[in-house]
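Residue 104 in my numbering is what sits at position 104 of the sequence shown, and the numbering runs on without skipping anything.
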Amino acid sequence: MAKKRGISLAELNKLGEKDPSTDLEPDKFAEEKGRREDNFVMVGRTSFHFIPKSVKIFLDVEPKTGAERVFNHSRNNEKYNNLNEAIEKIRIRLESDEVRYRKYYNLDIFNKKNYDYVIDTTNITIKEVVDKIIEKIR
């Protein structure tokens with residue numbers, strides 16, 4: 001949605017604090033897709049709520065490791081001057097997400113009890129994450 005609007009993810013989140021459509025539109029899409037289909041992967045903060053008959057997986061990561069991954073990702077449209085800036089801006093974005101979803105739906109999106117499976121990705125590779133997910137859904 002940020003790309004479609006020609007703005008950064010941080011700008012989209014800031015906009016979302018005033019314009020609920022930035023959250024409500026994708027949530028409506030997820031809910032409708034969940035009603036129509038049953039064999040797909042959906043990434044989203046509220047997917048566990050809007051697609052209740054699904055396998056809900058939470059990918060966790062230590063904040064510094066997550067920020068390092070974002071900071072070093074070559075395709076990332078969010079540019080940071082240094083790792084500390086990345087850590088801080090990601091923290092602000094996550095707090096904004098948490099506040100908005102609690103406000104709109106009374107959901108605690110980071111409560112791991114909302115998920116069937118929690119994977120700490122801090123010290124494992126992408127392949128290991130995928131292997132764990134495949135093992136869980138078989």
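Glycine included, each C-beta is placed from N, C-alpha and C at the ideal position.
- Using a Cβ-Cβ distance cut-off of 8 Å, the region 57-67 and the region 110-117 are in contact, since at least three pairs of beta carbons, one from each stretch, lie closer than that value.
- Scanning 109, 90, 92 and 101 for the CA closest to the CA of residue 19 turns up 101.
- Of the residues assessed, residue 81 falls on the exposed side of the cut-off, its CB having fewer than 16 other CB atoms within 10 angstroms.
- The region 48-125 contains, as complete beta strand (DSSP E) runs of 3+ residues, the segments 57-60 and 117-120 (chain order).
- Residue 119 is a Cβ neighbour of residue 132, given a cutoff of 9 Å.
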